[in-house]
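Shown next, in structure tokens, is the structure this report addresses.
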Amino acid sequence: EEIAYIRQTTGKEPKLRGFELLAYSPNINYADASPECLKEVEENKGTVETALQWARANRPDKVNDTGTENSTDYTTGGILTFSFHWFSPLGGRDKSFYTEHTDFDATKVLQEGTPERAAFYADMDVIADILRRFQDENIPILWRPFHESYGTWFWWGAKGPEVAAELFRFMFCYYTQQYHLDNLIWVWNSPLPEGYVGDEYCDIISRDLYTEPHVHGAYEKQYEELRKVTKQEKGAALGEIGILPDPETLMEKKIPWLWYMTWSFDFALNEKFNSDTALKKLYESSYAIDLETFRKRRR
């Protein structure tokens, strides 16, 4: 419905679409869940099929400029990014991706032979099978697990950013070495240098950002803060935001965010946080790349 709203308001569609895997968590405690939790799980069922269908429908052109087959040309296709509000692998009630709803101790995942570690890997097996469906169709994913590890509100960050980084490294090694999920582009999501996962474990650095409604800018201060986590020239992205950036300010201050992903519902379906004028301004800007504009450029 967010995409329909954007299309209705701007006449265009985004090149990047974000999808959520929370409903695929193996350990959802349906018997002890609030109506709000059950509603959120229900709303997020089927996101994998939706993502697959959209990626297939917006698959890169199979014919390049010379008229020959070129199935690896991704310049004209849609881009997927996935987040995962992971219900705790053991225990928990209600929305157990929140620390307050689970006693799951992430530090025990780091210890060999613990039930927490076994459950952590069992859950990863389930999600790996989902991600492998995209690899089988040669569809890349901007993969952003363990997001917002700078805070303690999610169980993976409850024991500190260093523990969250170790969990990320566990997943990276398991998915690349055991499952060979080479379609994943690994996105780290924290501006804290002390909790950085390491250059060899991520392709892109990112942060989430929620600021004052209807105040649009380039987020240059936040960009410079994020850049400090690494000395490498990694691209930086706004993994999740509430307020749209301003394209004129971005161009003026030359802040090279790779992408932004606006959160759903009120952030994208009405004018509570972002006006239709701001949305149109962004989609009409030559600085922004939407799905159809980029295809026209390729033609």
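Position 101, counted from 1, in the sequence shown is what my numbering calls 87; the numbers after and before it change by one each time, with no gaps. The beta-carbon is built from N, C-alpha and C at its ideal position, and this holds for glycine as well. Just so we're clear, the structure is a prediction, and the values are computed from it rather than from any experiment.
Member of Trp172, Leu212, Tyr160, Thr88 whose CA lies at the smallest distance from the CA of alanine 179: Taking the sequence shown and counting its residues from 1, the one referred to as residue 179 is at position 193. In the sequence as displayed, the identity of residue 179 is proline instead of alanine. Out of Trp172, Leu212, Tyr160, Thr88, Leu212 has the C-alpha closest to the C-alpha of proline 179.
Candidates Tyr196, Gly63, Phe251, Ser271, of which the one nearest isoleucine -11 by Cα: Sequence index remark: in the sequence shown, residue -11 carries index 3 (1-based). Minimum Cα distance to isoleucine -11 is reached at Phe251.
Buried versus exposed, by CB contacts within 10 Å (16 or more), tyrosine 16: To locate residue 16, count along the sequence shown from 1; it is residue 30. Counting other Cβ atoms within 10 Å of its Cβ, tyrosine 16 stays below 16 and is therefore classed as exposed.
Cutoff 8 angstroms: alanine -10 Cβ touching any chain B Cβ: Among the protein chains of the structure shown there is no chain B, as only one such chain exists.
Bounding residues of the alpha helix (DSSP H) (the contiguous stretch that carries phenylalanine 106): In the sequence shown, residue 106 corresponds to position 120, counting from 1. From DSSP, the alpha helix (DSSP H) with phenylalanine 106 extends over 101 to 122.
For glutamate -13, the three-state DSSP class (helix, strand or coil): Taking the first residue of the sequence shown as position 1, residue -13 is located at position 1. Here glutamate -13 sits in coil by DSSP.
Alpha-carbon to alpha-carbon, arginine 79 and leucine 195: Here residue 195 corresponds to residue number 209 of the sequence shown, with the count starting at 1. Here residue 79 corresponds to residue number 93 of the sequence shown, with the count starting at 1. Leucine 195 and arginine 79: Cα-Cα distance of roughly 27 angstroms.
Spatial distance of leucine 117 from phenylalanine 154 (CA atoms): Along the sequence shown, one-based indexing puts residue 117 at 131. Along the sequence shown, one-based indexing puts residue 154 at 168. Our two residues, leucine 117 and phenylalanine 154, have alpha carbons roughly 16 angstroms apart in a direct line.
Proximal residues to glycine 77 (C-beta, below 7 angstroms), its chain only, five neighbours per side dropped: Counted from its first residue, the sequence shown places residue 77 at position 91. Apart from sequence neighbours up to five positions away, the residues of its chain that approach glycine 77 with a beta-carbon distance below 7 angstroms are Thr88, Asp89, Phe90, ordered along the chain.
Sheet register partners of isoleucine 191 (DSSP bridge): As a working mapping, residue 191 is identified with position 205 in the sequence shown. According to DSSP, which records beta bridges pairwise, isoleucine 191 is partnered with Trp174, Ala222.
Beta-carbon gap between tryptophan 141 and phenylalanine 70 smaller than 8 angstroms: Residue numbering aside, residue 141 sits at position 155 when the sequence shown is read from its first letter. Residue numbering aside, residue 70 sits at position 84 when the sequence shown is read from its first letter. In this structure, phenylalanine 70 does not lie closer than 8 angstroms to tryptophan 141 by Cβ.
Nearest candidate by alpha-carbon position, reference alanine 105, set Phe132, Arg130, Ser74, Glu(-13): In the sequence shown, residue 105 corresponds to position 119, counting from 1. Among Phe132, Arg130, Ser74, Glu(-13), the Cα nearest to that of alanine 105 is on Ser74.
Cβ neighbour criterion (16 or more within 10 Å) applied to aspartate 109: The sequence position of residue 109 within the sequence shown is 123, counting from 1. By the neighbour-count rule (16 or more Cβ atoms within 10 Å), aspartate 109 is buried.
Simplified DSSP state of isoleucine -8, which is helix, strand or coil: Taking the sequence shown and counting its residues from 1, one reaches residue -8 at position 6. DSSP places isoleucine -8 in the helix class (H, G or I) of the three-state scheme.
Rounded straight-line distance, which links the Cα of valine 34 to that of serine 11: Taking the sequence shown and counting its residues from 1, one reaches residue 11 at position 25. Taking the sequence shown and counting its residues from 1, one reaches residue 34 at position 48. Computed Cα separation, rounded: 13 angstroms.
Span separating the alpha-carbon of tyrosine 161 from that of leucine 167: Residue mapping note: residue 161 aligns to position 175 of the sequence shown, counting from 1. Residue mapping note: residue 167 aligns to position 181 of the sequence shown, counting from 1. It is roughly 6 angstroms from the alpha-carbon of tyrosine 161 to the alpha-carbon of leucine 167.
Span of the beta strand (DSSP E) around phenylalanine 83: One-based indexing of the sequence shown puts residue 83 at position 97. Neither: phenylalanine 83 is in no beta strand (DSSP E) and is coded neither H nor E.
Bridge partners - threonine 69, DSSP secondary structure assignment: The residue given as residue 69 occupies position 83 in the sequence shown. Correcting the residue type first, residue 69 is serine in the shown sequence and not threonine. Answer is Glu6, Arg130.
Status (buried if at least 16 other CB within 10 Å, exposed otherwise) for glutamate 186: The count along the sequence shown starts at 1 and reaches residue 186 at position 200. For glutamate 186, the number of other beta carbons within 10 angstroms of its own is below 16, and it is reported as exposed.
Boundaries of the alpha helix (DSSP H) in which tyrosine 246 is found, first to last residue: Looking up residue 246 in the sequence shown gives position 260. Note, tyrosine 246: premise wrong, no alpha helix (DSSP H); beta strand (DSSP E) at 246 to 248.
C-beta contact flag for threonine 67 and glycine 146 at 8 angstroms: What you label residue 67 is simply residue 81 of the sequence shown in a count that begins at 1. What you label residue 146 is simply residue 160 of the sequence shown in a count that begins at 1. Not in contact: threonine 67 and glycine 146 (Cβ atoms no closer than 8 angstroms).
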